[in-house]
Structure formats: C-alpha cells, structure tokens
Amino acid sequence: MSTATITPKRPSTLRGARLPKWAPWAIAAGSVAAGLGISAAAGLHSDIQWALIAAVLHILGTYVIAAKVENRRQAKDRVVTSLVWVAFLLAVVPLASLVWSTVQRGTKVLDVYFLTHSMGVVADSEAGGGIYHAILGTLQQVGLATLIAAPVGVLTAIYLVEYGRGNLARAVTFFVDVMTGIPSIVAGLFILSLMLMFDMQPFGFAGSLALAILMMPVVVRSTEEMLKLVPNELREASLALGVPKWRTILKVVLPTSIGGITTGIMLAVARIAGETAPVLLLVFGSKFINANPFEGAQASLPLYIYQQYGSGEATAYDRAWAASLTLIAFVMILNLVARGIARWKAPSTGR
Amino acid sequence: MAKRIDVSGLTAYYGSHKAIEDISMTVEPRSVTAFIGPSGCGKSTFLRTLNRMHEVTAGGRVEGKVLLDDEDLYGTGIDPVSVRREVGMVFQRPNPFPTMSIFDNVAAGLRLNGNYKKSELADIVERSLKGANLWNEVKDRLNKPGSGLSGGQQQRLCIARAIAVEPNVLLMDEPCSALDPISTLAIEDLIGELKERFTIVIVTHNMQQAARVSDRTAFFNLAAVGQPGKLIEIDDTERIFSNPSVQATEDYISGRFG
Amino acid sequence: MDTTQIADAPPPAPAPTPEQKRAARGATRPGDRIFLGLSRGSGILLLVIMAAIAGFLTYRAVLAISKDEGNFLTTFEWNTGVNPPVFGIAVLAYGTIISSIIAMVIAVPIAVAIALFLTHYAPRRLSGPIAYVIDLLAAVPSIVYGLWGALVLVPYMNGLFGWLNDYLGWTGIFSWQNGAPRSMLTVGILLAIMILPIITNVSREVFRQVPQMHEEAALALGATRWEVIRMSVLPFGRSGVISASMLGLGRALGETMAVATVLSPDFLIHTSLLDPGGGTFAQNIASKFSEATEFGRDALIASGLVLFVITLLVNGAARAIIARRKEYSGANA
Numbered sequence: 017m018s019t020a021t022i023t024p025k026r027p028s029t030l031r032g033a034r035l036p037k038w039a040p041w042a043i044a045a046g047s048v049a050a051g052l053g054i055s056a057a058a059g060l061h062s063d064i065q066w067a068l069i070a071a072v073l074h075i076l077g078t079y080v081i082a083a084k085v086e087n088r089r090q091a092k093d094r095v096v097t098s099l100v101w102v103a104f105l106l107a108v109v110p111l112a113s114l115v116w117s118t119v120q121r122g123t124k125v126l127d128v129y130f131l132t133h134s135m136g137v138v139a140d141s142e143a144g145g146g147i148y149h150a151i152l153g154t155l156q157q158v159g160l161a162t163l164i165a166a167p168v169g170v171l172t173a174i175y176l177v178e179y180g181r182g183n184l185a186r187a188v189t190f191f192v193d194v195m196t197g198i199p200s201i202v203a204g205l206f207i208l209s210l211m212l213m214f215d216m217q218p219f220g221f222a223g224s225l226a227l228a229i230l231m232m233p234v235v236v237r238s239t240e241e242m243l244k245l246v247p248n249e250l251r252e253a254s255l256a257l258g259v260p261k262w263r264t265i266l267k268v269v270l271p272t273s274i275g276g277i278t279t280g281i282m283l284a285v286a287r288i289a290g291e292t293a294p295v296l297l298l299v300f301g302s303k304f305i306n307a308n309p310f311e312g313a314q315a316s317l318p319l320y321i322y323q324q325y326g327s328g329e330a331t332a333y334d335r336a337w338a339a340s341l342t343l344i345a346f347v348m349i350l351n352l353v354a355r356g357i358a359r360w361k362a363p364s365t366g367r
Numbered sequence: 092m093a094k095r096i097d098v099s100g101l102t103a104y105y106g107s108h109k110a111i112e113d114i115s116m117t118v119e120p121r122s123v124t125a126f127i128g129p130s131g132c133g134k135s136t137f138l139r140t141l142n143r144m145h146e147v148t149a150g151g152r153v154e155g156k157v158l159l160d161d162e163d164l165y166g167t168g169i170d171p172v173s174v175r176r177e178v179g180m181v182f183q184r185p186n187p188f189p190t191m192s193i194f195d196n197v198a199a200g201l202r203l204n205g206n207y208k209k210s211e212l213a214d215i216v217e218r219s220l221k222g223a224n225l226w227n228e229v230k231d232r233l234n235k236p237g238s239g240l241s242g243g244q245q246q247r248l249c250i251a252r253a254i255a256v257e258p259n260v261l262l263m264d265e266p267c268s269a270l271d272p273i274s275t276l277a278i279e280d281l282i283g284e285l286k287e288r289f290t291i292v293i294v295t296h297n298m299q300q301a302a303r304v305s306d307r308t309a310f311f312n313l314a315a316v317g318q319p320g321k322l323i324e325i326d327d328t329e330r331i332f333s334n335p336s337v338q339a340t341e342d343y344i345s346g347r348f349g
Numbered sequence: 009m010d011t012t013q014i015a016d017a018p019p020p021a022p023a024p025t026p027e028q029k030r031a032a033r034g035a036t037r038p039g040d041r042i043f044l045g046l047s048r049g050s051g052i053l054l055l056v057i058m059a060a061i062a063g064f065l066t067y068r069a070v071l072a073i074s075k076d077e078g079n080f081l082t083t084f085e086w087n088t089g090v091n092p093p094v095f096g097i098a099v100l101a102y103g104t105i106i107s108s109i110i111a112m113v114i115a116v117p118i119a120v121a122i123a124l125f126l127t128h129y130a131p132r133r134l135s136g137p138i139a140y141v142i143d144l145l146a147a148v149p150s151i152v153y154g155l156w157g158a159l160v161l162v163p164y165m166n167g168l169f170g171w172l173n174d175y176l177g178w179t180g181i182f183s184w185q186n187g188a189p190r191s192m193l194t195v196g197i198l199l200a201i202m203i204l205p206i207i208t209n210v211s212r213e214v215f216r217q218v219p220q221m222h223e224e225a226a227l228a229l230g231a232t233r234w235e236v237i238r239m240s241v242l243p244f245g246r247s248g249v250i251s252a253s254m255l256g257l258g259r260a261l262g263e264t265m266a267v268a269t270v271l272s273p274d275f276l277i278h279t280s281l282l283d284p285g286g287g288t289f290a291q292n293i294a295s296k297f298s299e300a301t302e303f304g305r306d307a308l309i310a311s312g313l314v315l316f317v318i319t320l321l322v323n324g325a326a327r328a329i330i331a332r333r334k335e336y337s338g339a340n341a
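Chains as they are written, first to last, in the working numbering: chain A, 17 to 367; chain B, 92 to 349; chain C, 9 to 341.
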C-alpha cells in the first residue's frame, strides 16, 4: 500500500476480472446438458437423478470458473448464489406438482352433480356419487366452531389488550402460546375423553368443539395484534368525552380494527376447515346426508378425502382428488378474501 | 495513501425520482471537506455515491463520473466491492456488529480481505484502536461484545473498524448526530488527527462542527421539496462562513432558513 | 404494594381502595363491569380448557397404563384388545422422532436458503409474488399433502430409493428390500415439504427485520453479498430461524393425516429408513382408532398425552428463544 502511492503506474486495485453477466446462465445451461447427458449414458431413469447431477455440476462449475477468472471471495459469493437458486427450484418442484396434480386430477369428476349429491347409494368402487353431505358437514362443523371460538377469542384479546395487567393476563398470554402448538389430534383426543366419560356416540358438534379449541388461540393472537394497532389517542379522545370504557371499546376500538379482526378470523376458519384428525375421532364420517350436527355421525370434506383414499379404488381416488380441489378452492378463496379485506380496510382505518 | 476525488456531472436517482443533479467538485487529499445544507438536499445521497453505496438502495442509480485519482468509480470493469474497500464509511448511528467482540469488529474488514497471522491481526487492531483514540478504554475487554460500549465509544469503534483496512478515503455521514457533546468533541478531535492520513468527507447538520473540523465546506440546497438537490458552492471553510459568494449560503449559515 | 415498603417510604402513599382500583380500570358502571366480566371470563375459559385437556388426558391415560402388562415406554407391541393388554410407545416415539429429524434436516436449510433468496437474491418484482404464493401454500390442508404424498410422491420415490440402495445401501441406513417406498424416509420428505412454507415465511420475516445499518456496516468494509449475509444477516437472524424451525418441528411431530396416508405401518423399529414400517404417535392413533375398544381408545389417549407433552416442550423452547431474542434486540435498540 505505502509503495503504491510512490509508483504512479501501479495496477488498479478497483478493477477486478469479472465474469460476464451471461456466465451464470451459461454454466447452468451447461450443467443441465451435462446432467442429461450423463444420465442418458449411464441409463438412469429418474428425473431426480439428472436434476441432482446437474445441480452438483452447476455449483462445482460455478466455483471453479469463478475462482479461476475472479478470485476466491467472488467464487464463494457466486456459489452461494447458485445454492440459493438451486434450493428455490428444488422447493418449487414438489409444491408446483402438488398444485398441478390436484387441479389436473381433481377436475376429472368435479361437476355440479358431484357437488350436489351424496355417497348414499354409491359403493366406493363405483363411479358417481358426490360430496354434498361432506360439504354440508364441514360447513356446519366449522360454522359452529367459529360461533364458539370467534367471540371467546375476540373477548380474550380485548381482555389482554384493554384490561389485562398482572398475573392472570400473563398466564392467559402464556397459555394461548401453548395452545397454538397443540397438535390437532390431541385436541380431538381431549373431546374424545369427555365423550368416553358420558358414553356418547360420534356427532358433528363434538368435532366443532375440538376445532374451536384449535381456532381460539389463532383468533386471540391475530385480534390482539389488530387491537394493539389502534392508536391510544383514539381511546383517550373518546374517554375524555366522558364515554364509558366499554362503549369506547365497542364504538371506537372495535370498529377501527374490525377489518383486521375479520381477516384474522377468516384465516383461522381456513385453517380449521382442513383439519382431519379431530373429525376422524369425533364425527366418524358417513355416506349419508345428516343435516343435524347434534346427533349422529356426519361427513366432512377432509375426512371424505381420507376415507375415499383409504378405500383404495381408482374411482374413489378420482373423488378424493375432486374433493381435495374443492377443499383447496374453499381455503384459498377464504384466504384471498381475508387478505383482500385486510388490504381494503387497512388504509381507511389510518385516516 | 490519501487520494483526490474529482466529481463531474453527477446525478443520482431513486427510481424515477432525481435526488441530486449535476454535481461537480474536487475533494483534496489529506483534508477535511464538510457538506452542509438543509434536510433533504441530497448531501447524504451524494456522500453515498462516492463509495457506490447509493446503488444498494432500491432503485438507486447514478449518472456522471467520480474519479478517484484518475480512475472512474463508475467505469466499466470496476468492482463495487473493491471500491468500498478503498473508500471507507462511518454512519450516522454507530453500527458495530452486535454479535462480534470489540476485537472481531475491528478485524472484520481485515479478515475479509486476506490471510493475516494472529500477531499481525493483533497489531493492526491495536494500531487502529489507538488511531481511533479508543485503545486505552477497551484494551482490557477486547473480547467483550462491541454493543456493550457507550454510543460515543461505539462510534469510535466503527471508525477504528473503517481505518483498519487502510482505506484511501473516509466518508462520515453525520457521525456525531446521535452522540452527546463530550463524545462529539472526542470524535471531532479524532477527525483532526485522521486527516493527516486520510481524505475525509463529512456530512453534518451542525454548522459549528463544520466550521471547527473542516478545511473546505460545500453547501447543498434544493429549490423546493421534490426537486433535486444541487451544489450551491464549495470553498474554503473560512470564506464560506465569513464571506460566501452566494446569498443562499449566507442565509442558511446565519440561520434564516433550514 | 408491599406493606413493609410503604412503612419505610417517607410520604406514605395511601393504598388504593377497591373502588379506586376499579375506577382506574374504568369498571365502575354496570356496563363496564359486565364487559370486563365477559372478557376476563373468556380468558379464564381458555385457562380452564388447557387445564381440562391436561387433566382429562392424564386421567384416561392412567386408566389405560395401570392395566398395561408391558412396559408403556419400552414395549414393541400394541395389543389392547387382548386380556391382559400389552402395549408400549417405543416404536411410536422412535418413528415420530426419526421422521421429524429427517424433515428438519431437509426443510431447514432449504427454507433458510429460500428466505435468503426472497430477501437478498431474487429480483424485487419476483420476490413479492413468490412470498405471497408461499404464504398461501402454508394454508393447504395437510390431508391434501397426504393424498398427494401417497398417490404422486410415493411412486416417484422408487427411482430415488433404488439409487440410494445402489450407492449407500452398505451403510444399512439406506438399504432397501424393494418394498413399497412407504417408509420413514418418504414420510420425512413429505413432512419437509409440508413445513417448508411455514419455516420459510417466519425466516423471511426475520431476515427482513435485519436493520439496514448492520448490512451497510458490512458493505462499507467491502464485503460481497454472501459476506454481508454471513457477517450481519445470519447472526442477527439466528435465533429467529431457530424458533421458526421449532414451530415447524412442532407441526411435524403432531402431523397425523400425511403420515397416515403415506406410511405402511408395523410395530417394529427398522434400521433402514427405506424399508416400510414403523409408526408415529399421531398416525397410530388415526389408524388404530376405528377398531379400538373403549380400553383401546384409552391406550391411544395415553400415547396422545406423550405427544402432547413432547410438543409442549418443543413449543416452550421456541417461545423461550423468541423471548430471549426480544430482550437481546431491545438492549441494542
């Protein structure tokens, strides 16, 4: 360094040999070609194999070429870049396959007839039948669960944000966290243990209770976040006008955050709508339409998928895929609408 | 090793927004140049174009030339990583790496740039900490985390980290704005010592500070909010503060706006 | 609050009367009292539910375990229909842990890499939509993953298993006797795919919160993009990634349907990850439930209690790490 300032014609320290911009793409294309070539030559059949060979070649190639042309630090940087891209592609493949196969196989038998008929007189090995009874069951069970969990969850969140001080609030916060982590099957087992006590047979509402347990902590968490976003000035302005606290909460705090709370509840509904395990234990499933959630076994969409899969018949697989597509569509629509509400409501609450 | 900076016709953008327009100036080696001006006039943006940190921000883009001893920082084949190694920077808020010890913080830049023996590394760290007037305060706790120091000490630690790699130029973006008066004084003294070895450019909101530490002062201004910032004038600090050639400079310095 | 301290304090502050306390909370009017009662009641209801879950599960579990002729922890059998009943969770514990470990080993590095991809590598126009899609994928019900796993992934595994057997079969862990690839490895891979979105999402959130100034500190020293990540992003995000992984682990441990559809279970511990067999807590409950007697159901509840405790520990650890991180970043703010 110190000699460098004396000699005026020293080599530039700012300039470094750089690979051209197209180099990473060229290396990627080269390694894919090599991967395919090696697989063909060695007679490998699995797509996974040539992809893995290509990925390894890509990473090695990047390092060697970059280390030669640039330097070791740049080479390391480029290797990490390749690794990150490879990881991304590696994850995209199965997730895309999941979406693709559900759509492709699900549309085979999905039509109006499928949505409006039950499995009443259809054997698993026969074609035909539908999911009307399962949709009905899911809507009733999830609806009842929401009727229980949403008020309890929102009120608990109000308690934590607006009133909660001291040990009780701390305990509630802690156990809401704990509850978030309960596996769905454990919630099902809990209600099952109650049913064993009272010697009850499976019915829809029992499933709702388990789903409500899974839903409550999610609602509490999201509502809490939303209530915390309401600026304190709003509360104080209302209290200063002599409005009692409970009316302040009802008339000022809740309306301000209602969009976010709705979003949270809808996301929670979307989550429990796909739960299978507690429904399996408590609602049991049925081939027939049972519109009474308080008596007798009921069907449900996720459970229907499981049972159709379990029968092992090709026609039943088709129905399972179609039901999966319906379930995903239901969950995705809930998600999209919920996010839409969040986006649409968000700016208006700020003003 | 201090180098001269020659800027000509420099314009910088954030996306489609033009932040500074057509700036030309020369920064002399082994001197302190201060940038002053009202908020939003683009002095920090301009500072960040001098070590290609501007383009790190989303949509950051630069036109024009910045010559570092006759070599254009924005020329083809220039590696921005090497540029930042040669043009060091100290930020507004002290930002030592929170998980690293004091020693590791100072050695961080060195470890990136080459293989040093343990004893060499220890020598350079000691020299840099002494250079930043911090050695006596931390020599007994080099292995403690840097985040445990006071704000002023953290800022001097960041200066030690910047000078450890022996850059040609040291850029300082309001280095004292988050510090108390005593720490500020310590940093100002330090700047006076460092200019013997480095070319120093400092952005400051504090006009007394500019008057105290700098040899030359550049005044930036913008016509209106949303308009690009421009260089109004650059001159010896004494002249800027006693007899500036532009009326706006005098108005700003005498506190009539900004 | 402490009376002895009040005695020492020079101006003795009068202890607030119950009325004043209530007024401070704004709960003097009937409307306020009802509202407070309702909301506090909801909070208490949550606590009661948690206590009831622990209580009832333990009660039913004790009923079952007290009649167990085998050792509940070490028996390799699940015979609850015979008299005397013999059952134990050894195989289930092994299967649950091994499948979750496989899932974590695969999912965590890939999830971290994708999170880095989204925050630091992907073109900005791409990263927004991708993050949104990953968010949606986290909402896909597990039964759909299970169906896909059983009907699409399982047949696909034949090629990979053959390959692993050819080259790594000598290790014993990757040997394969050409059974259907409904084994722990397939389950682990499926679980990895399932927990990938959630770990990615949380990690991405953590990486996005790395203060700009830490990254700029590294950049200004002349660090490459990877060096910036190594020096400032990863150290800052480490605890966040750990807790994200723990959340994923909690899901993998308790996952029922995806395992029940893919695994072909038995009550043995297999050294090879490629041979079908084994079982997990949740899968065993779902598969054995329909033909279980009342006593059999109690036994399943006992195994569920063990799963409950394990997930509580894992989630507790995750929360503790998050809490520590809050303190840590607060000290630096």
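In this text, a Cβ means the ideal position worked out from N, Cα and C, and glycines have one as well.
- For the stretch 216-241 of chain C, the beta-carbon criterion of a distance under 7 Å to any beta-carbon of chain B is satisfied by Met221, His222, Glu224, Ala225, Leu227, Ala228, Leu229, Gly230, Ala231, Thr232, Glu235, Met239 and Ser240.
- Val174 (chain B) belongs to the set of residues whose beta carbon lies under 8 Å from a beta carbon in chain A.
- In this structure, Leu282 (chain C) sits away from Asn166 (chain C), with a CB-CB distance that is not shorter than 8 Å.
- The DSSP-derived three-state label of Tyr207 (chain B) is coil.
- In the three-state DSSP reduction, Leu281 (chain C) falls in the coil class, being neither helix nor strand.
- Leu261 (chain B) sits in a strand when the DSSP states are folded into three classes.
- Here Val162 (chain C) really is in contact with Arg190 (chain C); their C-beta atoms are around 6 Å apart, less than 8 Å.
- Note that the C-beta distance between Met211 (chain A) and Ala222 (chain A) is below 8 Å.
- In this structure Asn351 (chain A) does not touch Leu298 (chain A) by the C-beta definition: roughly 26 Å separates them, more than the 8 Å allowed.
- Taking a C-beta distance under 8 Å as the contact criterion, Pro185 (chain B) and Gln245 (chain B) qualify as a contact pair.
- Apart from sequence neighbours up to five positions away, the residues of its chain that approach Arg251 (chain A) with a beta-carbon distance below 7 Å are Thr264, Val268 and Val269, ordered along the chain.
- The stretch 61-69 of chain C makes contact with the stretch 197-214 of chain A: 3 or more CB pairs, one atom from each, lie closer than 8 Å.
- The distance from the Cβ of Gly258 (chain C) to that of Ser211 (chain C) is about 16 Å, inconsistent with a contact at the 8 Å cut-off.
- Interface with chain B (8 Å Cβ-Cβ cutoff): Arg34 (chain A) is included.
- Taking the beta carbon of Gln314 (chain A) as reference, no residue of chain C falls within 9 Å; the closest one sits roughly 15 Å away.
- Within the model, the alpha-carbon separation for Thr279 (chain A) versus Pro93 (chain C) is close to 49 Å.
- With fewer than 16 other Cβ atoms inside 10 Å of its own Cβ, Ala331 (chain C) counts as exposed.
- Cβ neighbours of Thr136 (chain B) within its own chain (closer than 7 Å, five residues either side excluded): Ala103, Ala110, Ile111 and His145.
- Under the 8 Å criterion on CB atoms, Phe297 (chain C) is classed as interfacial with respect to chain A.
- Under the Cβ distance rule, Arg94 (chain A) does not count among the residues neighbouring chain B, no pair being separated by less than 8 Å.
- With a threshold of 8 Å between beta carbons, Pro284 (chain C) makes no contact with chain B.
- The contact set of Asp97 (chain B) on chain A, defined by CB atoms closer than 9 Å, is empty, because the minimum CB distance reaches about 15 Å.
- For Tyr104 (chain B), the pairing in a beta bridge is given by DSSP as B:Lys109 and B:Arg152.
- DSSP places Val116 (chain C) in no beta strand (DSSP E) but in the uninterrupted alpha helix (DSSP H) bounded by Ala98 to Leu124.
- Looking only at B:Glu341, B:Glu217, B:Pro266 and B:Gly317, the smallest Cα-Cα distance to Ala125 (chain B) is reached by B:Pro266.
- When DSSP assignments are scanned along the stretch 160-215 of chain B, the uninterrupted stretches of beta strand (DSSP E) that are 3 or more residues long and fall wholly within it turn out to be 178-181.
- Within the stretch 185-208 of chain A, not one residue has a Cβ closer than 9 Å to any Cβ of chain B.
- DSSP places Val123 (chain B) in the uninterrupted beta strand (DSSP E) bounded by Val123 to Ile127.
- By the C-beta criterion, the stretch 284-295 of chain C is judged to be in contact with the stretch 177-194 of chain C, since at least 3 inter-stretch pairs fall below 8 Å.
- Here Gly159 (chain A) is exposed, its C-beta having fewer than 16 other C-beta atoms within 10 Å.
- The beta carbons of Leu343 (chain A) and Tyr322 (chain A) sit no closer together than 8 Å.
- In this structure, Phe304 (chain A) lies away from Phe219 (chain A), with their beta-carbon atoms at least 8 Å apart.
- Apart from the 5 residues on each side of it in sequence, Leu100 (chain C) sits with its Cβ closer than 7 Å to the Cβ of Gly287, Thr288, Phe289, Asn292 and Ser311 in its chain, given in chain order.
- Not flagged as an interface residue toward chain B: Pro137 (chain C), since no C-beta distance is shorter than 8 Å.
- Within the same chain, Cβ atoms closer than 7 Å to the Cβ of Gly144 (chain A) are found at Val138, the five residues on either side in sequence being excluded.
- Within the same chain, Ala338, Leu341 and Thr342 come within 8 Å of Leu126 (chain A) by CB-CB distance, once the 5 residues on both sides are set aside.
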